[in-house]
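These notes concern the structure reproduced below.
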Amino acid sequence: MGTWIQRAPMPTPRHDLQSIAVAGTIYAISGAGDLTVDAVEIYDVASDTWTQGPPIPTKRGWLGAARIGRRIYVAGGKTIRTPEEKKAYGHDYHFTSRDNLERLDLDEQTWLALAPMPGGPRAGLAVTACQDQIWAIGGNTMLREDQRILDRVEVYDVTTDTWAPGPALPRPTQGPTVVTHDDRIYLTGGISNEDPQRPCRSETYVLDPAVGRWEGLAPVPTGRESSGSCVLGDLLYTFGGKDPHYSAATEIYDIRADRWFKDAPMPVGKAWLSACVVGERPFVMGGAHSWEDREGYNWIADLHEFAP
């Protein structure tokens, strides 16, 4: 079994964030506590320290992010509305859903707004980079007048700043987790409203963009949504999530063998966390769970390294 190593916590406790590995650093991007934050915080693995990066122009949580070369792309998400915004809009709906796509240039440390997702706003989507394209998969419209879980897949061409439709998911799904391995996209978990008795899904799918069709694989042992995931070698790691309880599960998919196995659980159960790989180690950060002794959520700053 692997072991968990506590590292320096993020300066800003939050859930619904995304993390991107860049050489020996981790970029922890946006997310939310009681309100959504524009923070971009950069962790240096060698020194176990955090520094501030350029704030994201459109702060959002439950967003998706991926890196191609020296650029990070951030798509979708939702922003918690302030009391002033609720009053100005004339209703008290809690979120503003986003269709924004923004790009961080890692050399210039500057953000640029790009073409928004053509299908409209959505949060709880999964985003990955595959074959020099950005894939935005599933999610929920999160609109006051139209809340729908989506099977939508949209593909962004970084050279032309344009979007095109991709192969729809086998079922509408929000909060799945996604990685790319050997030019194939692997997606697992999430929530679907097709079966009210089993909203948290355990299906695992693979998409070969050259074929253009999702194929079923061995299901994850614990169906859950809003997990963290990353890929290391031929192994897909999934951490935490909701099932509907807050999970501490570490479940690992062997891509070559098409089988899952369990490893050491996280120190605490949580959902809406993020995970990435630096070197040969997965890192897991942020998230939230309910307080045991009072109402509301505990926004988490913890960063842990997993030693397989």
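Per numbering that gives the first Met the number 0, the very first residue in the sequence shown carries number 0; after that it's consecutive.
C-beta atoms are modelled at their ideal positions from N, C-alpha and C, and glycine is treated no differently.
With 16 or more other Cβ atoms from the protein chains shown falling within 10 Å of its own Cβ, Leu16 counts as buried. A distance below 8 Å between beta-carbons, with the five flanking residues on each side excluded, links Gly278 to the following residues of its chain, in chain order: Gly23, Val44. Between the alpha carbons of Trp259 and Arg280 lies a distance of about 19 Å. About 22 Å separates the Cβ atoms of Arg97 and Thr159, ruling out a contact at the 8 Å cut-off.
Taking each of Asp104, Arg147, Val154 in turn and checking the Cα distance to Pro115, the smallest one comes out for Val154.
Straight-line spacing of the CA atoms in Arg147 and Arg293 works out to 31 Å. Judged by DSSP secondary structure, Ile133 falls within the beta strand (DSSP E) whose first and last residues are 132-136.
At least 8 Å separates the beta-carbon of Trp271 from that of Gly295. Runs of the alpha helix (DSSP H) spanning 4 or more residues and lying entirely within the region 28-115 occur at 82-88, in chain order. Here the region 58-71 makes contact with the region 126-143; the two share three or more CB pairs at distances below 8 Å.
Residue state for Ser246 is assigned as coil, using DSSP reduced to three classes.
Within its own chain, the residues whose Cβ lies closer than 6 Å to the Cβ of Leu111, once the five positions on either side in sequence are excluded, are Arg102, listed in chain order. When only Cα atoms are considered, Val276 and Met284 end up about 12 Å apart. Looking at the backbone, the Cα of Ala7 and that of Thr48 are separated by about 7 Å.
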